[in-house]
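Encoded as structure tokens, the structure appears first; notes follow it.
Residue numbers (the numbering used here): 1 to 158.
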């Protein structure tokens, strides 16, 4: 009887791990496909030569930010909108970096843990989105303009 209980518990544990892995894989698949399509589009339009990283940025509509270097070797961000919208680019050499944006957020806010820092395109131009948990474990989003690091928007204590 004891062997049956051990077998059933082992089987259920294996099944639970397999289901978790499957859910994580299938959950990330749309993001990976969207990022891949955005990278292909940015490369096909010769806006970026080498890709450093890409991620989905969501505001009123979703877009993919592709970071890398252009044909001249300049650090560039390409903002590829969902669907067939107009692609926008910006050179990052004269913009604040992700590290500088995080430091500005850390200096002004009570930050316990930074969750992510993403560059995205908004109506006022490129902004850094910094998501973090504060000391009370509340979710917070702050947005800093990439041009000079001024505060653009704050969404606090979610």
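Where is the CB? At the ideal position from N, CA and C, for every residue including glycine.
Annotation: the region 33-86 contains the following complete segments of the beta strand (DSSP E) (minimum length 3 residues), in chain order: 50-58, 62-69 and 75-81. Under a 10 Å Cβ-count criterion, residue 30 is classified as exposed, with fewer than 16 other Cβ atoms of the shown protein chains found around its own Cβ. Close CB contacts of residue 59 within its chain, under the 7 Å cut and outside five residues either way in sequence, are with 120 and 122 (chain order). In terms of CA proximity to residue 72, 49 leads the group 49, 55 and 157. Closest in C-alpha terms to residue 56, from the list 97, 3, 134 and 81, comes 81.
The alpha-carbon of residue 145 is positioned some 6 Å away from that of residue 128. Remark: three or more beta-carbon pairs, one from each stretch, lie closer than 8 Å, so the region 101-112 and the region 130-146 are flagged as touching. Checking the DSSP bridge columns, you'll see residue 131 partnered with 116 and 141.
Only residues of its own chain outside the window of five on either side were considered, and among them none has a CB closer than 7 Å to the CB of residue 11. Between the beta-carbon of residue 76 and that of residue 126 there is about 11 Å, and that puts the pair past the 8 Å contact cut.
Just so you know, the alpha carbons of residue 39 and residue 94 end up roughly 23 Å apart.
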